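S.K.: Mind looking over this structure? Questions follow.
In this note's numbering, the protein residues as written are 1 to 367.
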């Protein structure tokens, strides 16, 4: 295991003091170091993180981009049409979720097999970062030479490579006091929503907590595809206008693809209820802050064209808002600030994603 603090200091000594990225549990300790000790931009998605680093690089700051390999796809466009075209190098660290032979979540299986192949296809040099500190320092020196020569290099990081680094207290996501938990609000919705409603939950704790409330064939746990939940729901809602569709979204997810709000509004499915749970944190990948504190989500949804927009903070108000939305119809957005935290014993869906899709489709087809 690498001493993250020492490794980060070596990066800093080489001039790498500007970071941007999207959190990953494999990289959370290096991310925490960067937030504590350097300039760090919490990007909405990996492509934007890369572009931010390229901008800093051309302005004279040696930069580092950090991302989960599931987000490497988001970075393909700037890697191939910004870095390569303008010949601006970037040093990157990408996690190896889904490494062959190591159990991981199903959404990481394919990417774990092709992470190195994707980088190779894009003609980006890469190294598997050693977990031996002295060897890793040699790799870092080599990487710096490659960056100085005008070429990008990415380190692929295996599980358990970095030692623990905690966020400084002043760098943590601000906690929202006296608010309900995600689980309480999920339970409130399911207790009053139309029994035939289709529930579509974003990846992370949201889908897992929905599963814990009781696995049902009308639940779709959208593992992976961060930010795509409402777009997926839009397709369902437009294809089955007679069904009531309820979307459970998160602040990190909605930030990643906020343009979805405009598209949803343009097509205005009358049967879609979009609920955003906001705890101002990337909770399932280390608890780092999101930039939600700067966003007025109800105003954003309203400006995009949602027909009805509400903001609620308690269980009873949420229940009332859900009942009214489903009785009234029309595209509705409900903003729900929540506290951070999830049950320590929170499990994961035992049903596989393909089986979730099959039964969900079969349910809709029967009606």
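Built from N, CA and C at the ideal position, the CB exists for glycine as well. Predicted model, so just to flag it, every value in this text is computed and none were measured.
According to DSSP, simplified to helix, strand and coil, what is residue 136?
M.R.: Taking the chain shown and counting its residues from 1, the one referred to as residue 136 is at position 136. Correct three-state label for residue 136: helix.
S.K.: Can you find the residues in the same chain that come closer than 8 Å, C-beta to C-beta, to residue 192, ignoring five residues on each side of it along the sequence?
M.R.: Here residue 192 refers to the residue found at position 192 of the chain shown. 319, 322 and 323, listed in sequence order.
S.K.: Report the partner residues of residue 365 according to the DSSP bridge assignment.
M.R.: Mapped onto the chain shown, residue 365 falls at position 365. None; residue 365 has no bridge partner.
S.K.: Please confirm whether residue 271 and residue 241 have their CB atoms less than 9 Å apart.
M.R.: Numbered from its first residue, the chain shown carries residue 271 at position 271. Numbered from its first residue, the chain shown carries residue 241 at position 241. Taking 9 Å as the Cβ cut-off, residue 271 and residue 241 qualify as a contacting pair.
S.K.: Mind reading off the beta-carbon distance from residue 173 to residue 288? Whole number of angstroms is fine, and I expect it under 8 Å.
M.R.: For this step, residue 173 is matched to residue 173 along the chain shown. For this step, residue 288 is matched to residue 288 along the chain shown. That pair is a contact at about 7 Å.
S.K.: Restricting to Cα atoms, I'd like to know which of 291, 280, 362 and 276 is closest to residue 335.
M.R.: Within the chain shown, residue 335 is the residue found at index 335, counting from 1. Comparing Cα-Cα distances from residue 335 to each of 291, 280, 362 and 276, the minimum goes to 276.
S.K.: Any idea which residues DSSP pairs residue 127 with across the strands?
M.R.: Locating residue 127 in the chain shown gives position 127, counting from the first residue. 155, per the DSSP bridge assignment.
S.K.: Our contact map puts residue 31 next to residue 171 with C-beta atoms below 8 Å; I'd like the distance itself, whole angstroms only.
M.R.: Working through the chain shown from its first residue, we reach residue 31 at position 31. Working through the chain shown from its first residue, we reach residue 171 at position 171. Wrong, their Cβ atoms sit about 11 Å apart, outside the cutoff.
S.K.: Leaving out the 5 sequence neighbours to the left and right, which residues in its chain are closer than 7 Å to residue 206 when beta-carbon positions are compared?
M.R.: Start at 1 with the first residue of the chain shown, and residue 206 comes out as number 206. Within the same chain, residue 206 has close Cβ partners 182, 248, 250 and 277.
S.K.: Can you name the residues that DSSP bridges to residue 272?
M.R.: Within the chain shown, numbered from 1, the residue matching residue 272 stands at position 272. Paired residue(s): 245.
S.K.: Starting from residue 310, trace the beta strand (DSSP E) both ways and give me its first and last residue.
M.R.: Counting from one through the chain shown, the residue named residue 310 turns up at place 310. Counting along the chain, the beta strand (DSSP E) containing residue 310 begins and ends at 308 to 311.
S.K.: Using CA atoms only, rank isn't needed, just tell me which of 179, 260, 210 and 200 is closest to residue 315.
M.R.: For the purposes of this step, residue 315 is taken as residue 315 along the chain shown, with counting starting at 1. Checking every option, the nearest Cα to that of residue 315 belongs to 179.
S.K.: Take every Cβ of the segment 56 to 74, pair it with every Cβ of the segment 19 to 26, and state whether three or more of those distances are shorter than 8 Å.
M.R.: Contact holds: three or more Cβ-Cβ distances are below 8 Å.
S.K.: For residue 202 and residue 253, which I take to be in contact (beta-carbon distance under 8 Å), what is that distance rounded to the nearest angstrom?
M.R.: For the purposes of this step, residue 202 is taken as the residue at position 202 of the chain shown. For the purposes of this step, residue 253 is taken as the residue at position 253 of the chain shown. Contact flag correct, Cβ pair sits at about 5 Å.
S.K.: How would you call residue 352, buried or exposed, if buried means at least 16 neighbouring beta carbons within 10 angstroms?
M.R.: The count along the chain shown starts at 1 and reaches residue 352 at position 352. Residue 352 should be labelled exposed.
S.K.: How about residue 153 and residue 96: are their beta carbons less than 9 Å apart?
M.R.: As a working mapping, residue 153 is identified with position 153 in the chain shown. As a working mapping, residue 96 is identified with position 96 in the chain shown. Not in contact: residue 153 and residue 96 (Cβ atoms no closer than 9 Å).
S.K.: Need the endpoints of the alpha helix (DSSP H) that residue 32 sits in, please.
M.R.: Taking the chain shown and counting its residues from 1, one reaches residue 32 at position 32. Note, residue 32: alpha helix (DSSP H), 28 to 37.
S.K.: Determine the contact status of residue 122 and residue 76, defining contact as a CB-CB distance below 9 Å.
M.R.: Position 122 of the chain shown, counted from the first residue, corresponds to residue 122. Position 76 of the chain shown, counted from the first residue, corresponds to residue 76. Contact flag set, yes.
S.K.: Per DSSP, residue 333 is paired with what?
M.R.: Within the chain shown, residue 333 is the residue found at index 333, counting from 1. In the DSSP output, where bridge partners are listed per residue, residue 333 has 274 and 309.
S.K.: Are the CB atoms of residue 57 and residue 33 nearer to each other than 9 Å?
M.R.: Along the chain shown, read from residue 1 onward, the residue named residue 57 stands at position 57. Along the chain shown, read from residue 1 onward, the residue named residue 33 stands at position 33. Contact: no.
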